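First the structure, in the form of structure tokens, and then the observations on it.
In my numbering, the protein residues as written are 30 to 782.
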């Protein structure tokens, strides 16, 4: 608009100047007109801007109007153009899962299936014991199906026998960082629980838990959870059948709305959302959002608050936590909440200064006030760890089933120890005699919720009790896999007989003052021992009896990076670290450096790593990429710090080139892990990194019977490494006798052991 005015002015000026025949009066009038225009140019500019503003506003208004048209007509036109009224599908079918002991839930499931089919929607009834959630449940997120769970609560609030494994898996997945909180995002579900209100402490707990666990994995609840009560006195509708009929009617109405593509007004697609008033039968007006809040139990929010239990805590400071029902989650990805800590002087004063020094491993003296010492596992911590699947033993030990044990039971491959050393993962027990640790590593799976300390200051359980209960509780965990889909019967039977023990569950096993007795008991039962230490207790390493394989975690190669990554509690952590490596070099049995690569933290310290290897001269060097364990206020680690497998391979190749007596031997791509071995284990061009476990048991027995006079070395119990386990093999460390299983979401990191 402005440019047109200027062109007009220029044109007018040129014409007036070039016309010689125009009279003098006309010239003056033209000059006066142009002068007037120039003096009033501000008004002209304003008018042009006003015209442009009106034009632009009209254009924006018309555009908004086109976007604000309802979705319905557009969908209808699209269907009309295609001449296919069923081309838009919102519900592909309904899958009805039931957990039943007496047959009531099963009958409800069949009845619901028939009702759904009358609506023209496919329906399928599934017994929970025949369904493998690990394989198939994630697929329901993208299949446009609606999942219905009809679950009964059995004795002591436990699931029915046919639903036991399904509920066990769902509970573990909801708190396992390897699945992630969005594992079931997109899953639409509804839950109806069957219970008896006479059992006040366990009324409909299974239905409540299933609803909660699905919600924690980002499942989308399509309606409020229903509850049926066998107690006719307290049943809302007079009987459990009537409760079910009332819930079923609401479900079918909701299903029809979903099938038409209608969204529930005011429902929460996410954890926040608006509210919608709903008139109940009793005449009261309630907020639909409030009903949804009731359906999402309060325990979910409390599970995001973790408690760090340290050696300096006052146990009384946890009473409020216990009373409020707060949950301490070892593997939760939520924010960590530190508990109140008391001064160390107060703790020492209360204990009368009586502590057990770790260097006195073979003669621990019990003080008179031993019985008054506090337990390592506080009541709140015990309750939380039990809930998270940890089987606690006594006052300071625990056992838990490794995911690789579950994997190998089902013929889906073993851990990297199976590839590198021939461990049978389904026969391996992961445990620890000490939940306490002297480090607070940034990549700790437990987010530092386990106790910490530099000295043993707690009550102590005998080694015999710890081992006996560890084996019993491990076997009870294995028995839960009886009849689970995919579990191989022969491996199930083998899994009940423990053959290996990985002392690497959590904490620092070597802190336990009777660790030598515990290891001897393992060997007396012909169980191999794999012990991992964080290189802060050199004297304990020196006095340690022979183990099958001794690990030292070498998470960094310089003082500054070790302090930043491991965050040790000892002030003299670096001298202790170096002395621990020297102590490892004095051992004659198999020794391993365990390197965890943290991208942008320690992968650039190649030369320093090679110098540390020369200190301890380990038999093997395991190099593994760090496993991301979720956000934590105790760590700044992110997914950006997790190296790709190709980056780990490149690092290992460079490191091996700097070590004249070492070469890359094995690879386990599934765990993002490689093995560098000393060339003494390469005989006639073939690697012998595997272990002859029977031979080891013979050697260690002879050693014990001779009072330590008959020693043996790592080369005395080697076995040949199979070709598929070697670096460069096409299998990349996956046992060809098993079947590789790929998860639906391959972007999630589920490695680790």
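Don't be surprised by glycine CBs; every beta carbon is placed ideally from N, CA and C. Treat the numbers as computed from the prediction; the structure is a model and nothing was measured.
Residue i in three-state terms, based on DSSP
i	result
residue 562	strand
residue 420	strand
residue 504	helix
residue 210	coil
residue 125	strand
residue 283	helix
residue 258	strand
residue 529	strand
residue 513	coil
residue 219	strand
residue 194	helix
residue 649	strand
residue 273	helix
residue 673	coil
residue 485	strand
residue 405	coil
residue 120	coil
residue 131	coil
residue 619	coil
Cβ shell of residue i (< 6 Å), same chain only, five flanking positions each side left out
i	result
residue 770	441
residue 437	443, 454 and 455
residue 243	218
residue 426	462 and 495
residue 137	179 and 273
residue 488	402, 404 and 424
residue 766	none
residue 158	191
residue 259	225 and 269
residue 648	619, 620, 707 and 743
Same chain, Cβ closer than 8 Å to residue i, neighbours up to 5 away in sequence not counted
i	result
residue 311	Model confidence at residue 311 stands at a pLDDT of 39, short of 50, so the residue's coordinates are unreliable; what they give is reported in the following sentence. Nothing listed; no residue qualifies.
residue 549	574 and 733
residue 511	521
residue 352	Confidence is the limiting factor: at residue 352 the pLDDT is only 37, short of 50, which leaves the residue's position unreliable, though a coordinate-based value still follows. Answer for residue 352: no residue qualifies.
residue 566	387, 467, 537, 539, 540, 605 and 609
residue 133	181, 223 and 269
residue 516	438, 439 and 510
residue 153	122, 123, 124, 125 and 142
Test: residue i CB closer than 8 Å to a CB of chain C
i	result
residue 469	Absent from the structure is chain C; it holds one protein chain and no more.
Residue closest to residue i, alpha-carbon to alpha-carbon, out of the options
i	options	result
residue 212	433, 454 and 202	202
residue 808	455, 610 and 579	Residue 808 lies beyond the range of the chain shown here (30 to 782); nothing can be said about it.
residue 430	531, 447 and 409	531
residue 468	188, 598 and 579	598
residue 459	416, 486, 191 and 528	528
residue 715	727, 748, 686 and 139	748
residue 683	639, 654 and 710	639
residue 672	648, 688, 649 and 700	700
residue 189	88, 152, 129 and 170	129
residue 208	236, 238, 484 and 246	246
residue 553	88, 470, 729 and 504	729
residue 786	576, 135 and 523	Limits of the chain in this structure are 30 at one end and 782 at the other, which puts residue 786 out of reach.
residue 452	557, 235 and 83	557
residue 783	255, 493 and 417	Any property of residue 783 remains undetermined from this structure, which presents the chain solely from 30 to 782.
Beta-carbon proximity list for residue i, same chain, < 7 Å, skipping 5 on both sides
i	result
residue 758	752
residue 768	440 and 441
Any non-hydrogen atom of the ligand SAH within 7 Å of residue i CB
i	result
residue 169	The ligand content of the structure shown is nil, which means the ligand SAH is not present either.
Q. For the 8 Å Cβ check, are there 3 or more pairs between the region 411-425 and the region 671-679?
A. no
Per the contact definition of three or more C-beta pairs closer than 8 Å, is the region 221-228 in contact with the region 155-164?
no
* To do: State whether the region 449-465 contacts the region 582-601, with contact taken as three or more CB pairs (one from each stretch) at a distance under 8 Å.
  => no
(Q) My parser needs the alpha helix (DSSP H) runs of 4 or more residues fully inside the region 223-254; what are they? (A) 234-245
Taking 8 Å as the cut-off, does the region 634-653 touch the region 593-611 (at least 3 CB pairs, one atom from each stretch)? yes
- [ ] Inspect the CB distances between the region 436-451 and the region 697-704 and report whether three or more fall short of 8 Å.
- [x] yes
**Request:** Tell me the start and end of each unbroken beta strand (DSSP E) in the region 685-771 that is at least 3 residues and wholly inside, in chain order.
**Result:** 691-697 and 702-707
With a threshold of 8 Å, are at least 3 pairs of Cβ atoms found where one atom belongs to the region 560-579 and the other to the region 534-547? yes
**Q.** Contact between the region 121-129 and the region 171-186 (3+ Cβ pairs under 8 Å)
**A.** yes
(request) Report yes or no: do the region 568-583 and the region 617-627 share at least 3 C-beta pairs separated by less than 8 Å? (result) yes
At least three beta-carbon pairs within less than 8 Å, the region 719-728 to the region 678-694:
no
Meets three-Cβ-pair contact criterion under 8 Å: the region 228-239 and the region 181-201:
yes
Would you call the region 136-153 and the region 190-205 touching, i.e. three or more CB-CB distances under 8 Å? no
Within the region 136-200, note down every full alpha helix (DSSP H) run reaching 4 residues or more, in order along the chain.
162-165
**Message:** Report the start-end ranges of each beta strand (DSSP E) in the region 531-601 that is 3 residues or longer and not cut off at the edges.
**Reply:** 557-562 and 578-582
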